[in-house]
Amino acid sequence: MINSQALLTDLKQQLKVLQADLRERAEDPASAWGQRLKQQHQRALDKGRTGYAWVTWRDGEVDQAAVAWLVATTFIRFCEDNHLLDGARDAEGRQVPTLWLAGPGERTARAVEYENEFFRAQPSANRRDWMQQAFGVLAAQPAGRALVDPNHSLVWKAPISAHAADGLAAFWRRTTPDGENVHDFTDPDLGTRFLGDLYQDLSEHAKKTYALLQTPDFVEEFILDLTLTPAIEEFGLAGLKLIDPTCGSGHFLLGAFERLNRLWAEQEPGADVRERVQKAMDSIHGVDINPFAVAIARFRLTVAGLKAAGLRSLVDAPAFEFHLAVGDSLLGEQGTQGDLDLDGLLDLGDGLNADTNEVGFQYDAEDLSEYQGILTPGQYHVVVGNPPYITVKDKALSDAYRSAYKTTAGKYALSVPFAELFFRLAIRGSADKPAGFAGQITSNSFMKREFGKKLIENLFAGADATLATENPVDLTHVIDSSGAWMPGHNFDGTPTVILVGRRRRPVAPVVRTVLGVTDDPGKRPDPENGPVWAEIVTHLNGGEFDGTYVTVTDLDRRVLSTFPWSLSGGGAGDVFEVLESMQERLRQRLSMEIGFASFPGNDEPFFLGDAWFKRDGDRQGLGRQLVLGELVRDWGIAPEEVALTPYDDEQSPLDLDESASWARHLWRFRRVLEGTTGFGGETIKDAGGAWWTWYRWVRERYMTPMSITFAEVATHNHFVLDRGGKVFKQTAPVIKLAANATEQDHLDLLGVLNSSVACFWLKQVVQKKGGDADVPWIRTYQFNATNVGKVPLPKQFPGERARVLDELSRSLEAAAPSAVLARLAASGEPVMPALTAAAAEWSRLRERLVFEQEELDWETYRLYGLIEQDMTAAVAETSRATIGPSERAFAILLARNDTDASSTAWFDYEDPRSGQRHQFPRVLEIPNDWDERYRALVRRRLDIIATNTSIRLLEKPEFKRRWATAGWDALQRQALMEAILDRLEFRDLWFDRNGQPLPRSIGELADAVRSDDFLVQCAQVLAGSPEIDLAKVLVDLLKDRPVPYLAAQRYKESGVEKYREWQRVWELQRREDAGEKVSIPVPPKYAPTDFRPGVWQHRGKLDVPKERFIAYPGVVRPGDSTPVIGWTGWNHAEQAQALAGEFQRQFGLGAEPEQLKPLVAGLVELEPWLDQWHGEIDPRFGQSPAQAIRGAVDAFAASLNVTRDELNAWRPPAPTRGRRAKAAQ
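So the sequence shown is numbered by the UniProt record's numbering: it starts at 1 and just counts up by one.
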């Protein structure tokens, strides 16, 4: 039997082997496939099918080809073990042996015998040819041709090498110690579910590119119940047509086939079984952009057809005529979108060039031209599917979709154009023709994110008259499925909604709607029986229902006619209604719309850290503390990052000065920065902007110092008052009041925005993001600017509480370890006593914040009219009161309720993503040491929670601030390390007395800093002892922090290949600077797997050098085993001087040529930079640094008898495994 997980794990390893093999063949000038790929890439660029550079695009094609070989050989193995090809003949009609790879018992040995006979007959053949013979026999069967289509399958187009074919055959022939096949496909039931697992998880590249995700069976059945079942009742079986335009591995199609086949059997019990099966197949249509997904879907449908027809062999089976095509469904719909000139784009049906049926460009694996009309609008009785939820990374493709679909806006998700497509494919209803049905489970991101406004109002509500006429939509069911546990969805991925409707003008004034109340309490092995899903299924077709997990109601259609949608049930609606009755909204008090103040487009070249700005004088003043949404927490902003902001005091861009180090740094990324695209798809170059600036800089949002900023994505509402001098990324939008607004005006609003009431209201209208199924209060939300602007305001504000909280937050920031150490570095005070005192003050201030926030929450309940009495402690009476997070009233109730796993987890939870944790004691009773007045107040609060449904709803972890933190110890450790590293970057440490760059061993560095009392004290605290070996402390601290100077030492081979692409881009930029007109491609981004261990964390996807130190692998100091490092504060000339000096030193120590070659290779990599930035004559030496180094390279290379090309090809030796043998004594 098939072990699906073991098969998937093993095939993933084999995939890497085939990818490497095919990547090499794609770059081989002698490879016909490689040349064909380059031609296809150029045509795809010309026709707008892609905007990706060659390497990025090529890797996608290589991945598809590698998967094609694995999937096709999996098909063969399944056929072998289940005898599906026994007795088959090849395309010439010849009887052939039908064992190629393996089989149970003696069948593997027989397969090898047949293979040997094949080689004796064809001495020049290899195992690739042998496998292709197997594919040819499968394709020669009427029912098998579509599975490995000779015209389109990549097993014919992309040949693997003979060596790779040998490995693939050996893989399938592996046996256990007992002699059994490792992967046995024998299955009397011919089950193909395992192929769905391969579809979803085999290729990480495909999974990310196409958002591969299997639809759970119970969801597929539910949607078919709401679409296919009523469609059959209304239209009948004869001629019924169903399509899944995002068919993937065929879940919906298989489910539909089984239903249709069963119904045909009931309707025509005496009919020929094969004819009956074909009638069911006639109804099935599917399209997918992913070739191997369609191959799997075809195979699964073929096997389903065999079983339904009572057959056990493909040899006897007819050619099942289902309709599954490979291609882009969205592009196939383009011709219906008006008068767009899309000549040359792929024609996927009768929509484009309908009069001539002319087919434009398509990839080799695509075959939509052979399924003319499959995507013609208005022909299907049923349209179902689970469309991808991702945004489109390929700009050319994104632009094509944007042009074709009127509902796309901003950085839209693919769920938007697919929602439009699903209805467009259905039959349009009229007075004499019933409408087709459409059903989908899709991302609910459109409900509350800005890009969904056009979809909701223009398409679903019909506000766009043209759309309402062309593509009318009658939503019949809107089901909030986001609270249900579904593998790969919701808590496991993207929150979902199920939409069902018909392509006609709305008939009823109401829509059957399921509103979420409470999420599933946790993950479970039987998600179809989860409590949320159970309530949905049980009560959807009944009367009104208000349950524990969902509310089922007939919702007035007008409620769903405006953006955003809020699908919350239970008592939430009542509280929401009270808040909505407030007369004033936040936006009415603002001087401009809420929004981002700036965003760089590409973060990495600008986000550089504080140390970067200290290394060169011309960077001074260009660094500002960066505010990221994830750093805005609990009334404060963590000072963790500093960004390069090339703007003057008037917030206008600085002129580019290429003699400045900051400009030279950005020049490396010029092509990337020029190509940065914004929400509308326009690049900074298209917009005529300065490429060295941030993509968007909203000057007016920086012209007044005070701003309220907030975390756009977070578990709870976090708003902070900033008083100027910072820079804000788009994840931390800003709220600007009038220029004459006072600080108290800002604090008044801040108090409301940070309340649990505001948190509740926002969570009703904004989009859920991600989180953990077992902890609903850890779910993140996207607090978008539009909805924040709509926050209802009470008539009075909790301004005094807000002022106190703001002051406490600023005091807390001053007591943080990093701030304390910065003061100690300047003052010279003893480190340990100061940190001990600061720790106590930091803890006290946090508990003061918790207390004052709790008072703020209860004050806002009264201000919004949710309670009448004042339930707060007076500010004057509680100026020093403190409480812990678990001593709040709601937490006491949680502690008493030990039956709810989600609630009790709140006391002891660690977020693996952020390192933040809850570790709170369970407090069952009100503490006796509290002031009696406060104890009485908390008792009254507990009573109100028990009796007031509105307050009970709000006093829950979902709406109460978490107060999660990494803790003092973690903060102190990080601050100590940064303080030491800062001292190690003192410039004098890295130059000798002659001003020459000086690499040092860490041992030498330790000797140089022993007199730095502050550094030594920090090292003692870090080590936890006054007795330290400073060199050992520094070795531990600097582990994995320096980055090697040479590309071959930084990257794995895939990374070196990308680096060479970047080098070509830099050379083209230099030619462009010289006045030449050149076309410069966008260089590829790096992945973590492109780097050698320890490097990715410093470089990231654009390879931005953010490390503090340079590593020199293999460079040694006599008698000193510690690594030799350099400083990244050196410019290119100084780096080259350091390398040249090390060559001479190591040569003098008797280093072997193989040890010296990488040093010279490093100089070769620096030569273009020296020519560019250091070509001026240095009067001290009578030549430029570029000339000096070029001469040195010539001399060094000659002494080693190597060329520059050979130096560029140098690679470090492969690491040895196991223990190194001891040298002979």
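By construction, the Cβ of each residue, glycine as well, lies at the ideal position given by its N, Cα and C atoms.
If you check the CB distance, residue 842 and residue 815 come in under 9 Å. Residue 385: member of the beta strand (DSSP E) spanning 382-385, first to last residue. In this structure, 156 is the residue among 156, 282, 1044 and 87 with its C-alpha nearest to the C-alpha of residue 36.
Under the three-state reduction of DSSP output, residue 181 falls in the strand class. Looking at the DSSP output, residue 584 shares a beta bridge with 793. Taking residue 760 as reference, the option from 636, 571 and 297 with the minimal CA-CA separation is 571. Between the C-alpha atoms of residue 380 and residue 263 there is a straight-line separation of about 19 Å. Per the coordinates, the alpha-carbon of residue 1138 lies some 11 Å from the alpha-carbon of residue 1128. For the beta strand (DSSP E) assignment, the stretch 795-856 encloses no uninterrupted run of at least 3 residues. For residue 623, DSSP records a beta bridge to 644. Classified as buried, residue 871 has 16 or more neighbouring CB atoms from the shown chains inside 10 Å of its CB. Residue pairing for residue 653: DSSP places it in a beta bridge opposite 647. For residue 1111, no alpha helix (DSSP H) segment is defined; the enclosing uninterrupted segment is the beta strand (DSSP E) at 1109-1111. About 6 Å separates the Cβ atoms of residue 383 and residue 243, confirming a contact at the 8 Å cut-off.
In this chain, residue 308 is not harboured by any beta strand (DSSP E); it is covered by the alpha helix (DSSP H) spanning 291-308. Counting along the chain, residue 441 sits inside the beta strand (DSSP E) bounded by residues 437-443.
Per DSSP, reduced to three states, the secondary structure at residue 478 is strand.
It is roughly 48 Å from the alpha-carbon of residue 252 to the alpha-carbon of residue 1047. Per DSSP, reduced to three states, the secondary structure at residue 322 is coil, with no helix or strand assignment. DSSP places residue 660 outside both helix and strand once states are collapsed to three, so it counts as coil. The C-alpha of residue 730 is placed about 8 Å away from the C-alpha of residue 629. As DSSP reads the structure, residue 601 sits in no beta bridge.
Using a Cβ distance threshold of 9 Å, residue 1109 and residue 1204 do not count as a contacting pair.
The shortest CA-to-CA distance from residue 319 to any of 305, 782 and 989 is the one to 305. The shortest C-alpha to C-alpha distance from residue 874 to any of 764, 848 and 855 is the one to 855.
The C-beta separation of residue 966 from residue 1003 comes to about 33 Å, leaving the pair out of contact by the 8 Å criterion. If you look at residue 515, you'll find it in the beta strand (DSSP E) that goes 510-516.
Between the alpha carbons of residue 128 and residue 364 lies a distance of about 20 Å.
With a beta-carbon spacing of about 6 Å, residue 43 and residue 361 fall inside the 8 Å limit used to define contacts. Taking 9 Å as the cut-off, the beta carbon of residue 957 is found no closer than this to the beta carbon of residue 766. Within the DSSP bridge table, the entry for residue 734 names 595 and 709 as partners.
Under the DSSP assignment, residue 18 falls in the alpha helix (DSSP H) whose first and last residues are 4-26. Where residue 1125 is concerned, the enclosing beta strand (DSSP E) starts and stops at 1124-1127. Contact annotation: residue 942 and residue 893 have beta-carbon atoms nearer than 9 Å. Within the same chain, and ignoring the five residues on either side of residue 715 in sequence, the residues whose Cβ sits closer than 8 Å to its Cβ are 771, 777, 778, 779, 780, 781 and 962. Per DSSP, the beta bridge partners of residue 714 are 781.
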